[in-house]
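Reviewing the structure listed below.
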Amino acid sequence: MKKTIIFLGVTIVLVICAVFIIRWNTTLHVADIIDLDTIYKVEIWQGGDCVTLTEEQDIHNFTAVLESMKLKRKFSTERDGFVFSIDIYHENGDENDMTVLNFIRIDGKPYRCERDYCDDLQLLYDSFQTAQ
Numbered sequence: 726m727k728k729t730i731i732f733l734g735v736t737i738v739l740v741i742c743a744v745f746i747i748r749w750n751t752t753l754h755v756a757d758i759i760d761l762d763t764i765y766k767v768e769i770w771q772g773g774d775c776v777t778l779t780e781e782q783d784i785h786n787f788t789a790v791l792e793s794m795k796l797k798r799k800f801s802t803e804r805d806g807f808v809f810s811i812d813i814y815h816e817n818g819d820e821n822d823m824t825v826l827n828f829i830r831i832d833g834k835p836y837r838c839e840r841d842y843c844d845d846l847q848l849l850y851d852s853f854q855t856a857q
């Protein structure tokens, strides 16, 4: 009886560990975290400069970059700073905050990136900045 209880306890701990590991290694897309269909305004900050997107085509180009991102959960780091700070506004009044460095933080939760997306966002930011 005692061996059965120990076996069940060890089995439960192993299942919990496996679920935890699988959950943290699952690839996420930004669309899993942010509702991309309801965005009506985006502010992209770099340094002290801001580009505001309100046109449908501009928001579509921005969401295309977000849709290409592949993320994985990561444990929080206390590093500050960012290359881009992005405020996303939704039609229903919701807002999302996103910071991009060599990792991405969405609404305070950090995610590892499959690759560095700063270059993609820089090209997009530059194209919007010259258009304004």
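The sequence shown begins at 726 in my numbering and counts up by one. C-beta atoms are modelled at their ideal positions from N, C-alpha and C, and glycine is treated no differently.
- Counting other Cβ atoms within 10 Å of its Cβ, L796 reaches 16 or more and is therefore classed as buried.
- The region 774-781 and the region 816-823 do not touch, with fewer than three beta-carbon pairs separated by less than 8 Å.
- For S810, DSSP records a beta bridge to W770, T824.
- In this structure, V790 lies away from L826, with their beta-carbon atoms at least 8 Å apart.
- Our two residues, K834 and G734, have alpha carbons roughly 32 Å apart in a direct line.
- The criterion of a C-beta distance shorter than 8 Å is not satisfied by V767 and M794.
- For E792, same chain residues with a beta-carbon under 8 Å away, outside a window of 5 residues either side, are H754, V755, A756, L761 in chain order.
- In the DSSP assignment, L796 falls within the unbroken beta strand (DSSP E) covering 795-798.
- Following the DSSP letters along the chain, one finds R837 inside the beta strand (DSSP E) bounded by residues 834-838.
- F787 is classed as buried because its beta carbon has at least 16 other beta carbons within 10 Å across all chains shown.
- Going by beta carbons, F853 and V776 fall inside the 8 Å limit.
- Pairing R840 with F828 gives a Cβ-Cβ distance that is not under 8 Å.
- Shown here, I759 sits in coil according to DSSP, grouped into three states, outside any helix or strand.
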